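Enquirer: Residue numbers (the working numbering): 19 to 690.
Attaching a single structure in structure tokens format; questions to follow.
Encoded structure:
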């Protein structure tokens with residue numbers, strides 16, 4: 019048996035770091051020890067950032083990091099550091115910002131060369147072992163960087179000041195708007211609508227990424243302005259995603275993105291945050307309109323996440339790899355003839371191909387994936403059952419293959435995002451399994467990742483590590499608010515208030531008017547901010563929305579004041595670059611619509627509770643506060659003082675700007 023030599027990553031809990039622990043490269047994890055060594059030896063730092071489910075990260079490892087010659091160059095001339103971007107998102111954000119600005123593009127693996135004080139001076143993404151794709155070979159890059167570091171130290175020193183100034187502008191400076199012109203919000207909405215791809219769905223002309231914060235903004239816009247076009251875009255985009263090759267029609271759940279513009283050919287990794295937001299957006303759509311096909315896909319995706327990503331102790335893993343047996347998508351791809359033979363073992367081939375189509379991806383091996391040709395009649399139970407049995411048969415056969423590896427981390431921000439998705443799904447379906455699962459995940463976080471109101475970011479193999487980021491705090495607070503609005507258990511709301519109060523002192527800079535990504539104890543030259551909502555809601559957008567909502571609910575003027583500062587700080591960028599600010603645009607809707615309050619007051623006769631609850635569940639306006647005042651409630655807000663049960667029955671007060679209509683105690687009077 020071949021003896022393996024391990025580098026300093028061998029004891030790390032991150033699966034991605036451990037995957038590199040047998041490389042001949044003398045990797046260090048991110049640590050002050052590594053940077054001190056770089057200073058002592060006067061060497062540049064080679065920083066490589068990726069994640070375990072990243073296909074091109076695996077490719078570069080095989081081609082370069084397992085190459086003895088390249089390893090020798092790195093070990094003799096550099097201090098090499100490996101980072102799991104999911105473990106240290108602030109490090110990824112900082113250096114990705116530099117690479118995107120200096121090269122015009124970004125992605126993973128992210129490879130950056132630093133001075134020993136952590137200042138970057140050159141970077142890129144994937145570098146091949148030999149020149150190709152218009153890129154120089156990795157060896158050429160290494161030699162060029164060494165030449166620059168050794169012979170151009172004066173130029174690098176001058177560059178440091180420019181780079182520091184660039185980072186200050188990137189993360190902190192913004193065009194503060196003294197006055198918010200809400201007509202620009204409608205203009206931003208029109209830009210989003212005008213650029214929508216009505217043929218294929220989504221935005222962009224080449225690769226297609228799901229943009230769930232943007233879709234949720236469009237639903238919110240529909241709820242506020244009754245704009246039918248916004249609703250149609252969401253329906254169309256969901257349809258394209260759920261019938262396309264980006265969706266796994268055999269095992270459920272969706273892949274990360276597609277390399278084509280028709281949602282057919284995916285990169286095959288499956289991410290928790292994508293699938294959580296998929297069910298969240300479907301649920302939100304189902305509240306405004308019924309769609310049984312969407313509902314079935316929601317259930318499939320939930321079962322995929324529960325079956326494939328859930329740990330026994332209740333937390334959900336981060337991702338499933340794109341690769342298996344060293345090949346991307348091997349687990350998910352079918353040989354056409356194998357697919358036909360497998361279907362024909364038990365079923366009618368013609369029926370299957372009436373509804374599904376085979377998409378050829380690898381011509382030489384006749385390999386491809388599956389998408390939908392047409393949607394079956396959702397009222398035809400016999401047909402649906404037959405197609406379900408075909409799907410199950412294919413899934414059982416696919417399980418004979420070696421499956422892709424699962425990442426081993428449970429992250430607070432992503433599990434909190436899943437809680438929010440499940441609470442909304444419970445509102446849309448009133449199926450108890452969804453709220454049960456949400457509470458189970460909350461219990462996991464409470465037990466393993468929260469200590470005296472201090473959150474931690476990552477849990478792996480029984481170990482909790484890394485102080486929580488702003489994303490962890492604000493996603494968890496959002497989850498607490500969402501849990502309150504479906505359980506009416508006041509403990510969630512009070513905990514949300516307490517942690518939000520703590521979060522402001524940890525992350526908000528009142529002078530610069532920014533939410534930092536990390537606490538003052540930053541591992542980077544400057545603290546970073548995270549404002550973009552492309553793939554999931556940003557900490558800045560979440561914080562702004564939560565400060566507005568809980569500020570009004572708890573009558574906390576400081577919260578409202580900070581929220582307004584954040585709105586002014588981010589307004590211009592959000593309306594000028596709307597595609598990456600979906601969650602923030604939803605928050606702006608708070609300011610263009612009257613505040614809405616739905617206040618349910620317990621009486622002696624509460625027999626109509628379920629009907630009132632169903633009414634409240636379907637009210638999801640972005641500007642709405644929902645409260646249930648129980649007899650033994652500890653709520654002591656001024657706007658509740660005159661809210662009494664009418665005729666001693668359970669009573670609903672429907673209010674705008676805390677001016678209420680006539681109290682309702684008969685659910686038959688409700689307008690659903």
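Note that the Cβ used here is the ideal one computed from N, Cα and C, for glycine as well.
Please read these numbers as outputs of a predicted model, since none were measured by experiment.
Assign residue 414 to one of two classes, buried (16 or more other C-beta atoms within 10 Å of its C-beta) or exposed (fewer than that).
Expert: exposed
Enquirer: What separation, rounded to the nearest whole angstrom, lies between the Cα atoms of residue 298 and residue 119?
Expert: Taking the CA atoms as reference points, residue 298 sits about 33 Å from residue 119.
Enquirer: Taking only beta-carbon positions, decide if residue 44 is within less than 8 Å of chain C.
Expert: This model lacks chain C altogether; it includes just one protein chain.
Enquirer: On the DSSP letters alone, give me the boundaries of the beta strand (DSSP E) that residue 472 sits inside.
Expert: Counted as a single uninterrupted DSSP element, the beta strand (DSSP E) harbouring residue 472 occupies residues 472-478.
Enquirer: Spell out a yes or no on whether the stretch 435-455 and the stretch 312-326 are touching, meaning 3 or more CB-CB pairs, one atom from each, closer than 8 Å.
Expert: The stretch 435-455, when compared against the stretch 312-326, does touch it at the 8 Å Cβ threshold.
Enquirer: Count the C-beta pairs between the stretch 35-44 and the stretch 434-443 that are closer than 8 Å, then say yes if the count reaches three, no if not.
Expert: They do not touch, by the three-pair rule.
Enquirer: Roughly how many whole angstroms lie between the Cα atoms of residue 232 and residue 173?
Expert: 43 Å
Enquirer: So, using beta-carbon positions, are residue 269 and residue 283 closer together than 8 Å?
Expert: No, Cβ-Cβ distance for residue 269 and residue 283 is not below 8 Å.
Enquirer: Between the Cα of residue 356 and those of 72, 373, 572 and 383, spot the shortest distance and give me the residue it belongs to.
Expert: Closest option to residue 356, judged by alpha-carbon separation, among 72, 373, 572 and 383: 383.
Enquirer: Kindly provide the ranges of any alpha helix (DSSP H) runs that are 4 or more residues long and lie completely inside the stretch 86-163, ordered along the chain.
Expert: The qualifying runs are 86-95 and 107-121.
Enquirer: Pull up the distance between the alpha-carbon of residue 64 and that of residue 229, whole angstroms please.
Expert: 33 Å
Enquirer: Using a 10 Å radius around the Cβ and a threshold of 16 neighbouring Cβ atoms, would you call residue 480 buried or exposed?
Expert: exposed
Enquirer: Does residue 554 pass the burial test, meaning 16 or more other C-beta atoms within 10 Å, or should it be called exposed?
Expert: buried
Enquirer: Check for me: the alpha helix (DSSP H) holding residue 75 runs from which residue to which?
Expert: 73-78
Enquirer: Between the Cα of residue 5 and the Cα atoms of 656, 635, 200 and 122, which residue gives the shortest distance?
Expert: The question about residue 5 has no answer here: the residues shown for the chain are numbered 19 through 690.
Enquirer: Considering only their Cβ atoms, is the gap separating residue 630 from residue 618 smaller than 8 Å?
Expert: yes
Enquirer: With distances taken Cα to Cα, identify the nearest neighbour of residue 225 among 57, 281, 203 and 188.
Expert: 281
Enquirer: Give me the Cβ distance between residue 424 and residue 495, rounded to the nearest whole Å; I'm assuming they're in contact under 8 Å.
Expert: Not confirmed; about 28 Å, so no contact.
Enquirer: Can you give the beta carbon distance from residue 222 to residue 255, rounded, assuming they're within the 8 Å contact cut?
Expert: Going by Cβ atoms, the distance from residue 222 to residue 255 rounds to 12 Å, so no, they are not a contact pair.
Enquirer: Taking the C-alpha atoms as reference points, what is the distance between residue 92 and residue 69?
Expert: 21 Å
Enquirer: Touching or not, the stretch 584-595 and the stretch 185-202, by the rule of three or more beta carbon pairs under 8 Å?
Expert: yes
Enquirer: Helix, strand or coil for residue 620 per DSSP?
Expert: coil
Enquirer: Under the assumption that residue 592 contacts residue 577 (Cβ atoms under 8 Å), give the Cβ distance between them as a whole number of angstroms.
Expert: About 20 Å separates the two Cβ atoms, so there is no contact after all.
Enquirer: Closest by CA to residue 23, which one among 36, 32 and 31?
Expert: The shortest C-alpha separation from residue 23 is found at 36.
Enquirer: Enumerate in chain order the residues of its own chain whose CB-to-CB distance from residue 484 is below 8 Å, with the five nearest sequence positions on each side excluded.
Expert: Spatial neighbours of residue 484 in its own chain (CB-CB distance under 8 Å, excluding positions within 5 residues in sequence) are listed in chain order as 105, 106, 474, 475 and 476.
Enquirer: Along the chain, where does the alpha helix (DSSP H) containing residue 63 start, and where does it finish?
Expert: Per DSSP, residue 63 is not a residue of any alpha helix (DSSP H); the beta strand (DSSP E) it occupies stretches across 63-68.
Enquirer: Return the CA-CA distance between residue 54 and residue 134, expressed in angstroms with no decimal places.
Expert: 7 Å
Enquirer: Answer yes or no: do residue 167 and residue 47 have a C-beta to C-beta separation smaller than 8 Å?
Expert: Contact: no.
Enquirer: Might you give, ordered along the chain, the residues of its own chain that have their beta carbon closer than 8 Å to the beta carbon of residue 19, omitting 5 neighbours on each side?
Expert: Residue placement at residue 19 is poorly supported in this model, since its pLDDT is 38, which falls under 50; the coordinates still yield a value, given next. There are no such residues.
Enquirer: Since residue 486 is in the alpha helix (DSSP H), which residue starts that stretch and which ends it?
Expert: Per DSSP, residue 486 belongs to no alpha helix (DSSP H) and is neither H nor E.
Enquirer: Does DSSP put residue 647 in a helix, in a strand, or in coil?
Expert: strand
Enquirer: By Cβ distance below 6 Å, which residues in the same chain neighbour residue 295 in space, the five residues on each side in sequence not counted?
Expert: 230
Enquirer: How far does the beta strand (DSSP E) with residue 389 in it reach, from first residue to last?
Expert: 385-390
Enquirer: Tell me, please, whether the stretch 370-379 touches the stretch 388-396 by the rule of three or more beta-carbon pairs shorter than 8 Å.
Expert: yes
Enquirer: Helix, strand or coil for residue 594? Go by DSSP, reduced to three states.
Expert: helix
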